[in-house]
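S.K.:
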Ligand code: GLN
């Protein structure tokens, strides 16, 4: 099988399986299994795969045909220019979430103490620490499987984060300059309509925001003032249709300087707020 034939056959099979970007994914699987760069592929499309490469490619293709996410097959996802290990215990880092990190970096300074709730793979916590060395970061998650993954990522990136198993603030002590979170925010009723990759292979616990999707924002709005310093910031990822409901919850709890930031697609994606100084 040549490189071009591999992409062609891969794309056709994935297309048939209903994979949204079949050709792109076929190409990624080839790149990953055969270690060929895009420029090599374009220059030598008729080069043959070795037997070993072909076997690995076809095995990976068979997994992707079952709608297993690409990143569960390759085991990693890039986020903020860093590589994160992932498995089915954590949400695959989304590009949209980079906006949350960028907004948080506007406040975070060396010497500050920050908290990342529902840390999952640790992608938010660890990229904040990477881009703001000298800050002190704590990550919390209720899921032991997620914390295990976050620990692996922390050690692999060589960053000094502390990780705690905690139901939001349950095991958290002290006060923080900044609290960030990408909590589960999909309304339970919308989960059956998610893409198959997400619905059947990503952890439901990381997605399900209960009946109206706002369960965790209600708790964050109520509980975070106790853990924020006066003037401290809260930065949250939100769903595209939560740009009014989440700010309203924060207003009710006395936050000020509430701002909604849109992502590259023009959708409401991040809410920032300040705990008012008294
Ligand atoms: N944005 C994620 C998705 O598309 C949901 C993330 C979350 O619930 N925090 O599935």
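In this note's numbering, the protein residues as written are 2 to 279. Idealized CB from N, CA, C, for every residue including glycine. On a predicted model such as this, the values are computed, not experimentally measured, just so you know.
So what's residue 37 in DSSP terms, helix, strand or just coil?
M.R.: Of the three classes helix, strand and coil, the one that applies to residue 37 here is coil, per DSSP.
S.K.: Put residue 44 into one of helix, strand or coil per three-state DSSP.
M.R.: Note: residue 44 maps to helix in three-state DSSP.
S.K.: Nearer than 6 Å: is that true of the beta carbon of residue 69 relative to any heavy atom of ligand 1?
M.R.: Residue 69 Cβ: outside cutoff for every heavy atom of ligand 1.
S.K.: Using DSSP bridges, identify the partner residues of residue 235.
M.R.: Answer by DSSP bridge pairing, in chain order: 180 and 274.
S.K.: Return yes when at least one heavy atom of ligand 1 lies under 6 Å from the C-beta of residue 208, else no.
M.R.: Yes, the Cβ of residue 208 comes within 6 Å of a heavy atom of ligand 1.
S.K.: Do the region 86-100 and the region 203-212 touch if we need at least three Cβ pairs shorter than 8 Å?
M.R.: Segments in contact, yes.
S.K.: Among 50, 44, 40 and 21, which residue has its Cα nearest to the Cα of residue 7?
M.R.: Out of 50, 44, 40 and 21, 50 has the C-alpha closest to the C-alpha of residue 7.
S.K.: Contact between the region 66-78 and the region 187-202: three or more CB pairs below 8 Å?
M.R.: These segments touch.
S.K.: Rounded to the nearest angstrom, what separates residue 39 and residue 4 at their Cα positions?
M.R.: Taking the straight line from one Cα to the other gives about 11 Å.
S.K.: Taking 6 Å as the cut-off, is the CB of residue 57 close to at least one heavy atom of ligand 1?
M.R.: False, no ligand heavy atom lies under 6 Å from that Cβ.
S.K.: Might you give, ordered along the chain, the residues of its own chain that have their beta carbon closer than 6 Å to the beta carbon of residue 343, omitting 5 neighbours on each side?
M.R.: This structure leaves residue 343 out entirely; the chain is present only between 2 and 279.
S.K.: Given that a residue counts as buried once 16 or more other Cβ atoms are within 10 Å of its Cβ, and exposed if not, what is residue 44?
M.R.: That one is exposed.
S.K.: Measure the beta-carbon distance from residue 236 to residue 143 and round it to whole angstroms, keeping in mind my assumption that it falls under 8 Å.
M.R.: That belief does not hold up - the Cβ atoms of residue 236 and residue 143 are roughly 20 Å apart, past 8 Å.
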